[in-house]
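Numbering (our numbering), first residue to last: 43 to 819.
For glycine and all other residues, C-beta sits at the position ideal for the given N, C-alpha and C.
Just below is one structure, and these are the notes that go with it.
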């Protein structure tokens with residue numbers, strides 16, 4: 043190497059070293075920012091995971107004895123320091139002087155220490171948690187007989203199982219005195235007395251604990267049978283009764299329509315000519331596109347205008363024939379009255395049979411309830427002369443039914459394997475059961491179902507809509523001022539507060555669109571009106587003329603082949619665009635004021651019980667689809683722009699059309715980016731809460747948006763959502779301290795669901811990339 047070359051290499055090395063040294067602080071700053079962001083994310087996820095996973099740990103139960111001789115049962119939760127008042131400070135000093143102050147009664151800084159216990163037994167304690175200063179505690183013990191009882195209502199109970207009873211009815215002869223433990227005495231017609239006496243099946247903590255599992259299993263079977271009777275057999279009967287009543291109400295509405303000479307709606311087959319005409323018009327336009335290129339360029343536009351105008355005319359005439367003859371008006375009033383009488387007789391007969399079946403099912407349910415009422419379990423609070431868990435707060439003299447016990451543990455006498463099994467059982471119950479006690483007890487299965495279903499529906503809506511919009515903006519629209527304004531508007535929509543979308547969804551989807559689906563036009567136009575109010579058909583004719591004018595001006599706006607566009611052509615193109623906008627407005631007006639559609643749920647509207655006119659799952663999904671639409675459009679546009687132009691040019695060079703190039707080159711190449719937009723949309727949509735509070739999410743849903751009856755999926759129903767459930771537990775719960783572990787558990791579930799759905803989408807994206815790189819599209 044020559045000396046000049048060596049000097050050049052040395053200068054370049056020195057320059058690189060200098061640039062590296064200059065850029066080193068910036069690298070450290072960026073690296074530190076990345077480490078900080080990752081640390082914050084890991085810390086947040088770690089806190090949620092730790093708090094959520096520890097929500098169902100089986101913790102030991104303690105008997106806490108105070109210095110005044112009283113005691114209580116509780117589960118230790120936490121400890122904290124506090125500033126003791128002068129009276130407490132004096133007691134602490136006195137105990138210190140006497141050498142009786144516990145070691146943990148004071149912190150290192152001289153402040154007092156207090157402990158938090160979950161005391162449960164809400165009927166008697168009046169509170170779920172209790173703070174106790176450490177200096178007041180004389181002893182803490184964990185007897186093995188103490189049990190944690192999860193009940194159907196009123197929260198948990200801490201205590202000992204003392205006895206298992208079976209209540210039996212006994213008839214006492216005339217004059218015989220009832221036993222001391224008799225209850226519900228009733229004098230019969232012959233003067234004898236019927237009483238209910240408790241037969242002891244098991245007594246004592248150990249004997250009762252041994253017999254309790256079988257009693258709980260039998261109670262669960264009765265509860266499952268009762269739930270089946272209510273949710274299946276009785277529900278089927280109620281659905282059948284509702285169908286019969288709907289038939290009767292429809293017949294009554296038909297009589298009213300006939301009397302008022304109103305159209306009662308059109309049969310489905312009546313629309314067949316319109317569908318045939320529409321198919322013929324589309325076929326004619328497609329045929330025109332194929333044979334008009336063979337014509338002379340000067341006649342090509344005229345031929346297309348003639349075919350388009352003829353298709354519009356045929357469609358409108360077919361619609362007029364279907365709507366105005368022979369179904370115009372409400373029909374024959376006499377025939378409608380006869381039909382009403384026939385339907386009323388059939389409905390009465392069917393309802394009588396259904397009511398008989400319902401009475402039989404109700405009788406079986408009452409038998410199960412009576413059997414449930416006989417089986418009782420005595421759970422004492424552990425004191426010698428303590429209280430027991432009652433049936434309810436208003437019946438404290440009656441021990442609780444065995445069927446009220448959801449599950450029971452003895453935490454102080456459990457091995458590690460038993461604790462793990464109990465922990466797993468509680469988690470499974472949480473994700474598979476329905477909520478209870480204002481969502482503070484039970485599970486979150488309806489919440490999970492509603493969240494996943496809503497996220498899937500919004501993805502089905504937002505992804506195709508966003509991809510189509512992005513394709514048009516990037517591949518078809520002329521890049522200019524209007525396209526730039528549209529892109530700016532899309533980007534601005536991403537910054538609109540989510541509650542604004544909720545208000546829009548409530549007003550437009552729920553009230554406007556939903557109300558139209560339920561009952562048709564709120565203020566229908568007359569078929570033929572006056573000069574001041576032309577009516578529906580004159581507007582139809584006006585719309586047809588506007589469409590023909592738009593077609594004509596579109597033809598006139600095209601320049602002659604081989605000649606430049608003139609000012610007249612540009613004016614006609616602008617006029618054609620305005621005419622198409624006017625035609626779109628007229629079409630919306632015709633839909634909104636049509637007198638030929640009275641809705642799909644006329645009975646519910648007449649009874650003031652709207653179906654789609656209220657917040658529901660469908661409207662919530664559409665609202666969140668609009669909210670996440672900008673994310674999908676932007677991501678898809680960037681993915682389409684990343685497809686190299688050489689691929690498009692190669693497709694065009696092989697003779698492919700614009701759509702063939704988009705379908706076979708652009709879309710497959712941009713599919714990974716489209717999936718990225720879908721992932722972002724799902725993640726944001728699943729976590730939104732504010733819009734859902736207006737358009738469908740509720741604290742407690744009566745039923746899932748899915749049922750055994752057609753149409754099986756019910757998008758009009760309200761639903762429960764994990765995000766709204768977290769808000770309700772954290773800020774609307776009557777017992778926030780008890781609900782706090784459930785808040786963490788629900789937040790963990792929400793994160794897991796979003797992660798699982800995102801992982802599924804990421805897997806699909808990875809496979810698409812692999813197929814794209816291998817050229818198998």
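Residue i versus residue j - alpha carbon distance
i, j, result
"residue 243", "residue 193", "21 Å"
"residue 667", "residue 276", "37 Å"
"residue 642", "residue 518", "38 Å"
"residue 683", "residue 501", "23 Å"
"residue 820", "residue 729", "Given that the chain is displayed from residue 43 to residue 819, the structure contains no residue 820 and the question cannot be resolved."
"residue 151", "residue 125", "10 Å"
"residue 212", "residue 646", "51 Å"
"residue 437", "residue 413", "19 Å"
"residue 618", "residue 87", "57 Å"
"residue 102", "residue 188", "9 Å"
"residue 264", "residue 91", "37 Å"
"residue 444", "residue 390", "42 Å"
"residue 442", "residue 240", "13 Å"
"residue 402", "residue 753", "28 Å"
"residue 687", "residue 523", "23 Å"
"residue 186", "residue 458", "15 Å"
"residue 481", "residue 564", "39 Å"
"residue 410", "residue 191", "23 Å"
"residue 237", "residue 210", "8 Å"
"residue 24", "residue 763", "It is not possible to answer for residue 24, since the shown part of the chain is limited to 43 through 819."
"residue 195", "residue 163", "11 Å"
"residue 479", "residue 789", "19 Å"
"residue 455", "residue 184", "9 Å"
Paired residues, beta bridge with residue i - DSSP
i, result
"residue 250", "For residue 250, which the question treats as bridged, DSSP gives no partner whatsoever."
"residue 748", "755"
"residue 239", "210"
"residue 116", "104"
"residue 422", "202, 430"
"residue 158", "120, 173"
"residue 441", "432"
"residue 141", "According to DSSP, residue 141 bridges with nothing at all."
"residue 191", "199, 450"
Residues near residue i by beta carbon distance below 7 Å, same chain, minus five either side
i, result
"residue 166", "429"
"residue 503", "663, 664, 667"
"residue 703", "690, 693, 694"
"residue 392", "286"
"residue 206", "243, 244, 250, 253, 254, 257, 419"
"residue 61", "Confidence in residue 61 is poor, its pLDDT being 47 and thus under 50, which makes the residue's placement unreliable; the coordinate value appears in the next sentence. Cβ within range, chain order: n/a, list empty."
Same chain, Cβ closer than 6 Å to residue i, five either side skipped, listed in chain order
i, result
"residue 611", "599, 601"
"residue 672", "532, 535, 536"
"residue 541", "732"
"residue 307", "For residue 307, the predicted model reports a pLDDT of 49, less than 50, meaning its position is unreliable and no value from the coordinates is stated."
"residue 251", "203"
"residue 615", "599"
"residue 63", "Reliability of the predicted coordinates at residue 63 is poor, the pLDDT of 49 falling under 50, and the value obtained from them is presented with this limitation in mind. Around residue 63: no qualifying Cβ."
"residue 282", "396"
"residue 783", "97"
"residue 781", "482, 771, 775"
"residue 556", "654, 655"
Chain-order list of residues whose beta-carbon lies under 8 Å from that of residue i (same chain, five-residue window excluded)
i, result
"residue 800", "721, 724, 725"
"residue 495", "659, 747, 748, 761"
"residue 585", "625, 628, 629, 632"
"residue 515", "525, 528, 529, 675, 679"
"residue 380", "none"
Whole-number beta carbon distance between residue j and residue i, since they are thought to touch under 8 Å
i, j, result
"residue 566", "residue 637", "4 Å"
"residue 106", "residue 116", "6 Å"
"residue 714", "residue 811", "5 Å"
Residue-chain proximity (residue i, chain C), Cβ-Cβ < 7 Å
i, result
"residue 531", "In summary, chain C is missing from the structure at hand, where a single protein chain is found."
Cβ contact (3+ pairs, closer than 8 Å) linking the segment 727-747 and the segment 537-555 = yes
Say whether the segment 707-726 touches the segment 791-807, bearing in mind that this needs 3 or more beta-carbon pairs closer than 8 Å, one atom from each stretch.
-> yes
Would you say the segment 752-761 touches the segment 651-659, given that touching needs at least three Cβ pairs under 8 Å?
-> yes
Say whether the segment 130-146 touches the segment 198-205, bearing in mind that this needs 3 or more beta-carbon pairs closer than 8 Å, one atom from each stretch.
-> no
Contact between the segment 107-114 and the segment 176-195: three or more CB pairs below 8 Å?
-> yes
Is the segment 762-780 touching the segment 70-78 in the sense that three or more CB pairs, one from each, lie closer than 8 Å?
-> no
Between the segment 373-385 and the segment 283-295, do three or more beta carbon pairs fall short of 8 Å?
-> yes
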